[in-house]
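Asks:
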Amino acid sequence: MQPVVLAGGSGSRLWPKSRVALPKQFLSLTSNNSMLQDTLTRLDGTKAASPIVICNDAHRFLVAEQLRQQDCQHGGIILEPVGRNTAPAIALAALHAMKSDPEAVLLVLAADHLIQDQNAFHAAIEKAYALALQGRLVTFGIVPDQPHTGYGYIKSGDALDTGFNVSEFVEKPDLATATEYVKSGQYFWNSGMFMFKAATYIAELAKFAPEILDVCEKAIATETPDLDFIRVDADIFSQSPDDSIDYAVMEKTELAAMVSLDAGWSDVGSWSSLWETAANKDENGNATVGDVLLTDVNNSYINAEERLVAAVGVDDLVIVETKDAVLVANKSKVQDIKTIVSQLKQQKRPEFEFHREVYRPWGKYDSIDNGERFQVKRITVKPGEKLSVQMHHHRAEHWIVVSGTANVTIDETVTMLTENQSIYIPIGAVHALENPGKIPLELIEVQSGSYLGEDDIVRFSDRYGRAPEAKK
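In our numbering, the protein residues as written are 309 to 780.
#1: Please go through the same chain and pick out, in chain order, the residues whose beta-carbon is closer than 7 Å to the beta-carbon of Gly761, but skip the five residues on each side of it.
#2: Give the DSSP-derived three-state secondary structure of Met309 in the structure shown.
#3: Give a yes or no on whether the C-beta atoms belonging to Val649 and Trp579 are separated by under 8 Å.
#4: Could you tell me the boundaries of the alpha helix (DSSP H) in which Gln442 lies?
#5: Does the region 487–505 come close enough to the region 320–336 to have 3 or more Cβ pairs within less than 8 Å?
#6: For Asp425, which residues in the same chain have their Cβ closer than 6 Å to its Cβ, ignoring the five residues on either side in sequence?
#7: Return yes when at least one heavy atom of the ligand NAP lies under 7 Å from the C-beta of Asn743, else no.
#8: Output the boundary residues of the alpha helix (DSSP H) element that contains Met406.
#9: For a test of the three-state rule: what should DSSP assign to Thr457, helix, strand or coil?
#10: Tell me which same chain residues have a C-beta within less than 6 Å of the C-beta of Ser326, skipping the five on either side of it?
#11: Suppose you measure from the CA of Arg703 to the CA of Ser499; what does that come to, to the nearest Å?
#12: Compare the beta carbon distance of Met343 and Ala397 with 8 Å and say whether it is the shorter of the two.
#13: Among Asp453, Val390 and Ile733, which one has its Cα closest to the Cα of Cys524?
#14: If you check the beta carbons only, do Asn831 and Asn594 fall under 8 Å apart?
#15: Using 8 Å as the threshold, is the C-beta distance between Val684 and Asp677 below it?
#16: Indicate whether at least one CB of chain C lies closer than 8 Å to the CB of Ala514.
#17: Could you tell me the distance, in whole angstroms, from the CA atom of Lys526 to the CA atom of Glu388?
#18: Quick one: grab the DSSP three-state call for Val390.
#19: Answer yes or no: do Val716 and Thr723 have a C-beta to C-beta separation smaller than 8 Å?
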């Protein structure tokens, strides 16, 4: 069984935690691990091969680092040059898997789902695997515990050995229709998880969406390795139709089958769903994370990242605090958070894309203060890592080492700095920063100059293969 983990997507409904540069699948929302890491560890105890992970090019180092933290060997990290929905993404994975195993059976999972009962999940996988070997395209239908208008539904048909034929796929219903669906016992939530032979999926894609298959075959024909990653032809792949596997194949094929899954599943599509699935609610129905004080508060979700959050005399609220933003929303209106995200995008505000703390392949930086002609960052460099060799036209920098050891190159001079030592990098100097030690390097960077934007970088060399215009 070849797991395929889809790790694209922006998770905009979970702003301000989830943002373009760090979407929800890479966040720790339901456990101490990220949602991607939980998806991978959920496969422990199954007969699963090393997973293939598909992600956006911009998130490649996040994926590689989170897999490294879990000591997870992978079967390839395929980079999507542009997002084209699930049908093309799964086609790339199927074609890649068939190169080494023409009989590969794919288990397609989203990287951002919650499944609380791992044993029930494993049992459903076994049932789906048996059907996949028979040439069926299997989807996992979630046993509904309430009438939900945010999910599509699957109607079960005739019984099979370990599942059901799919009678029909239904779009998201209104509340009255959803209530009737749940009462009938024939309808299940559409989970967006699948199992099938790679060859079967490719054959059905050729029937129903030949344009997608043609583009994906051409794009992956020249796949090239890049560090831990697999790159496909960007110009070719961008020509693919943007379509989901449901619309492209599952709603048209006669091979669709379903296995029911009752395992505490959620797609964690909103802050209210995190409240619904929280196991640690207090006696007043409140779910809290972080430093939170409550008085006369009921049925609310409060998540404090950096500061104390205190609430008094409120009900049914979502309050989420991060280093640079605070969200307050009625729990029944959390689907409308996307309108705030749209406003941030239109106004070109940094909170749309980045957190104050930004992750890079070498570590991270936190923009802790800024003003006219200055900016202060706390920089963390992982052991053995090095920033690119670069220079700036408009700013000088002072670096003060807080802990660890730094090798600093300025033009042709290399200096080793330790705790409490500092160095000055003039405007126009070619410089680089490296951590040669065994512990993280922490330093404070003070920038000063007429322009402090991240695009004021001339890059001369970079061990991570980033393009010259990439940000620091």
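Cβ atoms here follow ideal geometry from the backbone N, Cα and C, with glycine treated the same way.
Quick caveat: nothing in here was measured; it's all calculated off a predicted structure.
Replies: Looking at the atomic coordinates:
#1: none
#2: Three-state DSSP puts Met309 in coil, outside helix and strand.
#3: With a cutoff of 8 Å on beta-carbon distance, Val649 and Trp579 are scored as not near each other.
#4: Neither: Gln442 is in no alpha helix (DSSP H) and is coded neither H nor E.
#5: no
#6: Ala571 and Gly572
#7: With respect to the ligand NAP, the structure shown offers nothing to examine, as it has no ligands at all.
#8: Thr394 to Ser408
#9: Three-state DSSP puts Thr457 in coil, outside helix and strand.
#10: Gly319 and Lys332
#11: Spanning the two alpha carbons is a distance of roughly 50 Å.
#12: no
#13: Val390
#14: Because the chain spans 309 through 780 in this model, residue 831 falls outside it and cannot be assessed.
#15: Taking 8 Å as the cut-off, the beta carbon of Val684 is found closer than this to the beta carbon of Asp677.
#16: No chain C is present in this structure, which holds just one protein chain.
#17: 14 Å
#18: coil
#19: yes
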